[in-house]
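First up is the structure itself, then whatever we jot down about it.
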Amino acid sequence: MLARTYVLGARGHACRGTLVRAAVRSDAGVGARHTNRVLRAHASTATASGDKYEQYEAVIGIEVHAQLKSQTKLFSPARAIFAEAANSQVHLHDAAIPGTLPLLNAECVKLAVRAGLAFGSTINLRSCFDRKHYFYADLPQGYQITQQYHPLVSDGKLALENGKDVRILRMHLEQDSGKSMHGAVPGLSLIDLNRCGTALVEIVSHPDMRSSEEAALYVRTLQNILFHTGVCDANMEEGSMRCDVNVSVRKRGEQEFGTRCEVKNVNGVRFVRKAIEFELRRHVDLLEAGIRVDQETRSFDASRSITVPLRTKEMEVDYRYMPDPDLPPLVITEDFVRAIRDDLPELPTEKADRYVRELKLKRETALAIVSERYASDYFEKVLELGPDPVLAANWISNELLGHVHADIVGSLRECAVSEEQLASVLHMLQTKEISGKIAKQILAEMYERGDRRGLAQEIASAKGWALVTDSAQIRALCQQVMEEHQEQVESHRRGTSKRVMKFFMGQAMKKSEGKAQPDTVRQCFEELLD
Amino acid sequence: QSKRMAHLNAYILPPSEAPAMQREKANRNAGISGSLDGIPIAVKDGFCTRDMRTSAASAMLKDFYPCYDATVVERLRGAGALICGKTNMDEFAMGAFNTHSNHGPVLSPWSDAEERVSGGSSGGSAAAVASYQCYAALGSDTGGSVRIPAAYCGIVGFKPSYGMCSRFGLIAYASSLDCPAVLAREVGDVKEVFDVIRGEDVNDPTTAPSEDVETSACGGDRPIRVGIPSEYNVEELSGEMR
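Protein chains in written order, with my numbering: chain A, 34 to 563; chain B, 73 to 314.
Encoded structure:
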């Protein structure tokens, strides 16, 4: 029922229900309920006027700002670390002390080139730095050093799982600004320059995306590649990756683009999706009412899932771009690029292919593992301890990640369950000392404790969950069962009853209170009866 | 000498207040031996000096005490020079007569009954050198800011090619044109100071790598030809100049 008429899927009517359900499941809690209310509200108006949203498609381009994982900042030797004490990582140049000059950090260039190579882009051997001027308290120099006219990287593409290729226009290096906090102390704005001057790579896509889901997929895929190549932590919640989303709408089938609005600094994949959905509805509502869409810069209000205006076209800033006279053109050699290409870490799709090929994982499982941050590291560490790859992959992508996702502070990086612990559970499973059900209980117990210490064997014996596999004990058990049920033994020997094995198994299980290892019991019975 | 010449207003921070001069008597036998050992050199107030206020003749920086030395200043100190004060200038080097200063204008030592401008923006440096208040001085030349006051004050002003001297620590005016430059009474003195401050600096990406600098040998028996653009021959030029 929920908003059946409101769907933006590029895949068309057949997927309606699925898309809406997917949208609801991936949210949790109050936010989702509120969104659903908003959606329902819009849906009711939409139903009244027919499928008006269906007639339009969104045209989306995204600019991603990713913080490079360099040791120091782009133009100063101050350390580039997240969340240190305020104003503890500020070099003279970051604070724009008079007379200081920018000094380019080669590591940042290497990371940006690596990012370019990961998307099959052209690396421009000659690029230049420009100043982008605007006035704000968290930008001490009064300008940001960026690469407006001659970026380091041109072209490239990102292949999405839905088969679409999103073209990348360019990538360039630029400085991040500091952080400002208004109102934390009454009457004051607080400025923290730790982040000021940190290296960013800005990745600009062509407006190739046609739905909010596609845009979300693009962001997730990009995030994943940046993470796996070690270019960026790509953690949108922490701010190491941010998106500016450009949305325009047009009637399906039209060739011309509608008026574009930009939603700045969206810091979550689900927020990207919601921002686009809101903008689509807003634009369509305006157009259907005969009102022109104004070109605006907006920001996303996460608490209300709406976008709000930030600047109108009249308020647009003139950045007065000019080549930065303190920095000569950046010239890199083919050898420099080749060395980085040779050292390029495995891309997520390559890793997934390898898992399928060498470890015989199912494709979905392999993709699940490479898509989750730190999952492939965790998985490969677990594999070193010997368990079966397919079993390990299934347990990580289903059971363990189930716990991690349900936990607000859960993460595979410093997981409540260590790789050794998980391996011990898998080992007991493989030797059949425990059943699947018991294994899940043990894992839950481990996660609950969160001390990364107790191995499966200890927990199983402490809780009395381990199955008995000792042959002497099993034999004794079987013999006891057989003694108590002589008639059944006779009917089996005479061949008149085929269900005797099942009966004996049942009895043995009952007698052992489910503690006997089933296969061992079966084997034992087979021996004894014959 | 500076006290007698104080009316020229050449200094923002005069020798009487310069820490190096105060220490000079104590350090006379300190054992530093460089090519400029013990020689008093004035520095234009646009260069950052660690132990002296640097204001670029502006009220905006009247309380700016840099925590570092400009590279050219560091090199002077490294050769044993005594930084004897910070000289007056046009505010942020924006001027050609040294009349736009928070500290007041600089008078040319050649002023008589009529007060004459010293030229700028490195007017304080030129006036200090011309009135024997220091051996030589650092200035900065963007569009003539050392050559003009040198000419007005009758001394030698030398602007090296852009990239010869490090701008690290020089408060920027036009970053693609600013050059640290030298003023002195004799050409030989200028060369002595220039040889100390010149050269590539890791802190300034626009300095030319040493291997890229060609110096042509001149002097000796080969005559020098000096070119003067014919456009300089303007009506206002005085007869003796022409």
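Beta carbons: idealized from backbone N, C-alpha and C, even for Gly.
Taking a C-beta distance under 8 Å as the contact criterion, GLY211/A and HIS126/A do not qualify as a contact pair. Going by C-alpha positions, SER187/A is about 10 Å away from VAL237/A. For LYS143/A, the three-state secondary structure derived from DSSP is helix. Counting only Cβ-Cβ distances below 9 Å, GLY132/A has contacts in chain B at GLY118, PHE119, CYS120, THR126, PRO138, TYR140, ALA142, ARG239, PHE240, GLY241, LEU242, ILE243, ALA244, in chain order.
The C-beta of PRO281/B comes no closer than 8 Å to any C-beta of chain A. Here the alpha carbon of ASN170/B sits roughly 12 Å from the alpha carbon of ALA128/B.
Residue range 504-517 is occupied by the alpha helix (DSSP H) that includes GLN513/A. For LEU255/B, the enclosing beta strand (DSSP E) covers residues 251-256.
Scanning TYR86/A, ASP484/A, CYS557/A for the CA closest to the CA of ARG283/A turns up TYR86/A.
The beta carbons of THR262/A and ALA148/A sit closer together than 8 Å. At least one CB atom of chain A sits nearer than 8 Å to the CB of PRO277/B. In chain order, VAL268, ILE269 place their CB closer than 7 Å to the CB of ARG147/B, counting only its own chain and leaving out the 5 sequence neighbours on each side. Residue state for PRO112/B is assigned as strand, using DSSP reduced to three classes.
Annotation for THR330/A: GLU295, LYS297, LEU343, ARG344 place their beta carbon closer than 7 Å to its own, counting only its chain and skipping 5 residues before and after. With contacts defined by Cβ atoms closer than 8 Å, SER160/A and GLN174/A do not form a contacting pair. Using beta-carbon distances, ASP127/A does not count as an interface residue toward chain B, since no partner is under 8 Å. Exposure of GLU283/B is indicated by the presence of fewer than 16 other C-beta atoms within 10 angstroms of its C-beta.
Listed in chain order, the positions of the region 358-369 of chain A with a beta carbon within less than 7 Å of a beta carbon of chain B are PRO358, ASP359, LEU360, PRO361. With contacts defined as CB atoms closer than 8 Å, ASP163/A and ASP351/A fail to qualify as a contacting pair. Put simply, of HIS98/A, GLN454/A, LEU377/A the residue whose alpha carbon is nearest the alpha carbon of PRO420/A is GLN454/A.
Per the DSSP secondary-structure output, GLY94/A pairs in a beta bridge with ASN279/A. Taking a C-beta distance under 8 Å as the contact criterion, THR143/B and SER217/B do not qualify as a contact pair.
LEU133/B reaches chain A at PRO131, counting residues in chain order whose Cβ is nearer than 9 Å.
Spanning the alpha carbons of SER468/A and LEU462/A requires a straight line of approximately 6 Å. Listed in chain order, the alpha helix (DSSP H) elements of length 4 or more contained wholly in the region 383-443 of chain A are 396-404, 408-417, 422-427, 434-439. Using a Cβ-Cβ cut-off of 8 Å, LEU206/A is close to nothing in chain B; its nearest Cβ partner there is about 15 Å away. By the beta-carbon neighbour count (other beta carbons within 10 angstroms, threshold 16), THR159/B is buried. Within the region 180-195 of chain B, no residue has a Cβ lying closer than 7 Å to any Cβ of chain A. Collapsing the DSSP output to three states places TYR137/B in coil. In the DSSP secondary-structure assignment, ALA209/B is bridged to ALA114/B, LEU255/B. Inside the region 229-272 of chain A, DSSP marks whole alpha helix (DSSP H) runs of 4 or more residues at positions 245-261, from first to last along the chain. Around the CB of ARG303/A, 16 or more other CB atoms lie within 10 Å, so the residue is classed as buried. Beta-bridge partners of LYS165/A (DSSP): GLN177/A. Residues of the region 244-263 of chain B with a C-beta atom less than 7 Å from some C-beta of chain A are SER247, SER248, listed in chain order. DSSP places ALA192/A inside the beta strand (DSSP E), whose first and last residues are 190-192.
Non-local C-beta neighbours of GLU140/A in its own chain, meaning closer than 7 Å and more than five positions away in sequence, comprise SER103, GLN104, ordered along the chain.
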